[in-house]
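K.L.:
So that you can map any letter, position 47 of the sequence shown is 47 in the UniProt record's numbering, and since no number is skipped, the others follow by simple counting.
Dropping a structure here in C-alpha cells format, bear with me for questions.
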Amino acid sequence: MHPTPRDYPEARGGCQCGAVRFTISAGPADYGLCHCRMCQRATGNAFAPLFGVAADRITWQGAPREWASSSVAARGFCPTCGTPLYYRDAEEIEIMAGCFSPDFRPEPQFEAGIESRLGWLDDMIHRFRFATEPELVARVISYQAKED
Ligand SMILES: [Zn+2]
Ligand SMILES: [Zn+2]
C-alpha cells in the first residue's frame, strides 16, 4: 500500500513534558499523513503525521501508556502530559512526527485515510498567517521540556 520507504538519519523526540523520550536509529521509514477518523480523534487534529518504523529501532526513555483503539492497533501517549506519541500495530510503530526535535523535519511522502480528509486543507495557502507574538513569548513561562 505504502510507497517505497526512504532512508532517514537518526531522529529524536519526545512528549511535551519530557517524561517520555525516544530515539529512532537511522534507516528506512515511511512517512505519511493519515486523515482517517481514528487519527483525527486520537490527535484532536485534522490529521496525524505518522513516521513508520520497525518497533525494535526505537529506544524509549520513560514509559508511554497505550490504549487499544482497535483489534489490531494501539495508541501510545505520555501518561503525565497526555501528548499523543504513536500508532502501533503488529508491523510497526508510527511516531507522531510533531514530537520530533526541530532539527528533524522530514517531508511526508503520501496521504492516507483520504475518505475523511478535510477539504479546507487544500486552501491553507490562503489563510491569514502570523508568528507567535514576541510579547507573548516574553510574558509566558513555558513548562514544556527542553528539546534536544
Ligand atoms: Zn509528557
Ligand atoms: Zn489513521
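Using N, Cα and C, we set each Cβ at its ideal position, and we do this for glycine too.
(1) Taking 7 Å as the cut-off, does the CB of Ala48 come closer than this to any heavy atom belonging to ligand 2?
(2) Less than 8 Å separating the beta-carbons of Gln109 and Gly32?
(3) Please work out which residues of its chain come closer than 6 Å, Cβ to Cβ, to Ala97, disregarding the five sequence neighbours upstream and downstream, and give them in chain order.
(4) So for residue 221, helix, strand or coil by DSSP?
(5) Quick one: measure Cβ to Cβ for Glu94 and Ala54, integer angstroms, because I've assumed they're closer than 8 Å.
(6) What's the gap between the Cα of Arg117 and the Cα of Ala26?
(7) DSSP state of Ile141, grouped into three classes?
P.N.:
With the given structure in hand:
(1) Residue numbering aside, residue 48 sits at position 48 when the sequence shown is read from its first letter. At least one heavy atom of ligand 2 is nearer than 7 Å to the Cβ of Ala48, so yes.
(2) Here residue 109 corresponds to residue number 109 of the sequence shown, with the count starting at 1. Here residue 32 corresponds to residue number 32 of the sequence shown, with the count starting at 1. Yes; because the gap between Cβ atoms is below 8 Å, this pair is in contact.
(3) Numbered from its first residue, the sequence shown carries residue 97 at position 97. Closer than 6 Å at the Cβ level, and outside the excluded window around Ala97, lie Pro49, Phe51.
(4) No information on residue 221 is available, as it lies outside the stretch 1 to 148 that the chain covers here.
(5) Within the sequence shown, the letter at position 94 stands for residue 94. Within the sequence shown, the letter at position 54 stands for residue 54. Rounded, the Cβ-Cβ distance is 11 Å, inconsistent with contact.
(6) Start at 1 with the first residue of the sequence shown, and residue 117 comes out as number 117. Start at 1 with the first residue of the sequence shown, and residue 26 comes out as number 26. Straight-line Cα distance between these residues: approximately 31 Å.
(7) The residue given as residue 141 occupies position 141 in the sequence shown. Three-state result, Ile141: coil.
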